[in-house]
Ligand SMILES: [Zn+2]
Ligand SMILES: [Zn+2]
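This is the structure we're talking about:
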């Protein structure tokens, strides 16, 4: 059996770079040689042992760009929809395959992309435009998450985006990519909340929008001042902050999910007619739109993305864990 190098989640707070068997594609699957793979907040969640769906030993990683080297489409440069969906349930038929009742996912229910090679369903790959860099392509998944959240917000909003004051809670990759995309849509009044000073500075430089430290409550925006709030953290405190900051008639989009449950201000939600929207991942259409947007430069210069070798991946996890990484995204190269 062929071997490959992989970064394996071996137990909570432990990533091990080691030899693993190279996966072989079944029928209807492709084998991808990984060029770049991003570390996601959900990989960090798993690393901390807080995701019961991701059980060690497991190769995490789902933000993959690479080349198909076996199976349908061999030779094509691709990124992947990490979700493998069934294509025939009611949600798939409606084009809402993010809700597929039978979905599985690379880096969760099967081996992921922190490796030299990964297999997935041929129906989950998305071909890249000629010349698109694998660094940009590996951002497809978080970019599609931001894009999906903003599309959902647009459907619920009365004023247009350029007219809005927007608050984004969390300057990780989703929050930052949302800010960059909103700017490309003409939004000029964007405020970004982020407790990590390194990330705050990086976000300021990259998205050129106002930022503040939410730990200093005096820095928070006034209550009832924001037409749109994106909660890219989803913690008790950020949900409270989002509901407080949103204007009457405004929209709160809940993207992150750090805490599962908390009390929310149903009085304000009702009397001020707030729209609170939960969003989960992206549809295939969102992923394709994200590829096009990344390729066209809608997200701007991607110099803020940090690249490291997969062999140094364990250190990248430690740095992210300890808040030592300024970059909102670290991409590993096998
Ligand atoms: Zn991700
Ligand atoms: Zn389905």
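In our numbering, the protein residues as written are 610 to 943. Beta carbons: idealized from backbone N, C-alpha and C, even for Gly.
For residue 675, which beta-bridge partners are listed by DSSP? 643, 687
Chain-order list of residues whose beta-carbon lies under 6 Å from that of residue 652 (same chain, five-residue window excluded): 669
Can you tell me whether DSSP reads residue 693 as helix, strand or coil? strand
Who's in the neighbourhood of ligand 2, going by beta-carbon under 7 Å from any heavy atom, listed in chain order? 694, 695, 696, 697, 698, 700, 701, 706, 709, 710, 711, 712
Between residue 824 and chain C, is there a C-beta pair that is closer than 8 Å? As a matter of chain content, chain C is missing from the structure shown, which is built from one protein chain.
If you measure between the beta carbons of residue 710 and residue 908, is that distance less than 8 Å? no
Mind reading off the beta-carbon distance from residue 632 to residue 727? Whole number of angstroms is fine, and I expect it under 8 Å. 7 Å
Are the Cβ atoms of residue 650 and residue 781 separated by less than 8 Å? yes
Whose C-beta lies closer than 6 Å to the C-beta of residue 741 among residues of the same chain, with five residues either side of it excluded? 904
Check each residue's C-beta against every heavy atom of ligand 1 and list, in chain order, those closer than 6 Å. 649, 651, 671, 672, 750, 751
Are residue 629 and residue 615 closer than 8 Å when you measure CB to CB? yes
Would you identify the three-state DSSP class for residue 724, choosing helix, strand or coil? strand
Counting pairs of beta carbons, one from the region 896–903 and one from the region 801–811, are three or more of them closer than 8 Å? no
Beta-carbon proximity of residue 777 to residue 762, cut-off 8 Å: no
Which of the three DSSP states is assigned to residue 654 in this structure? helix
On the CB-based measure, 16 or more other CB atoms within 10 Å of its CB, does residue 721 come out buried or exposed? buried
Count the other CB atoms within 10 Å of the CB of residue 831; is the residue buried (16 or more) or exposed (fewer)? exposed
To the nearest angstrom, report how far apart residue 681 and residue 688 are at their CA atoms. 14 Å
Residue 645 and residue 743 - do their beta-carbons sit closer together than 8 Å? yes
Nearest candidate by alpha-carbon position, reference residue 754, set 739, 640, 783: 783
To the nearest angstrom, how far is it from the Cα of residue 861 to the Cα of residue 813? 23 Å
If you count every other CB in all the chains shown that lies within 10 Å of the CB of residue 938, and 16 or more means buried, which is it? buried
Are the Cβ atoms of residue 647 and residue 676 separated by less than 8 Å? no
Are the beta-carbon atoms of residue 854 and residue 864 separated by less than 8 Å? no
Near residue 771, what residues of its chain come up, given a Cβ to Cβ distance below 8 Å and the 5 sequence neighbours on each side ignored? 794, 795, 796, 797
Is DSSP giving residue 667 helix, strand or coil here? strand
Assuming residue 884 is part of the beta strand (DSSP E), what are its boundary residues? 884–887
Quick one: measure Cβ to Cβ for residue 791 and residue 759, integer angstroms, because I've assumed they're closer than 8 Å. 7 Å
What is the DSSP secondary structure of residue 792, counted as helix, strand or coil? helix
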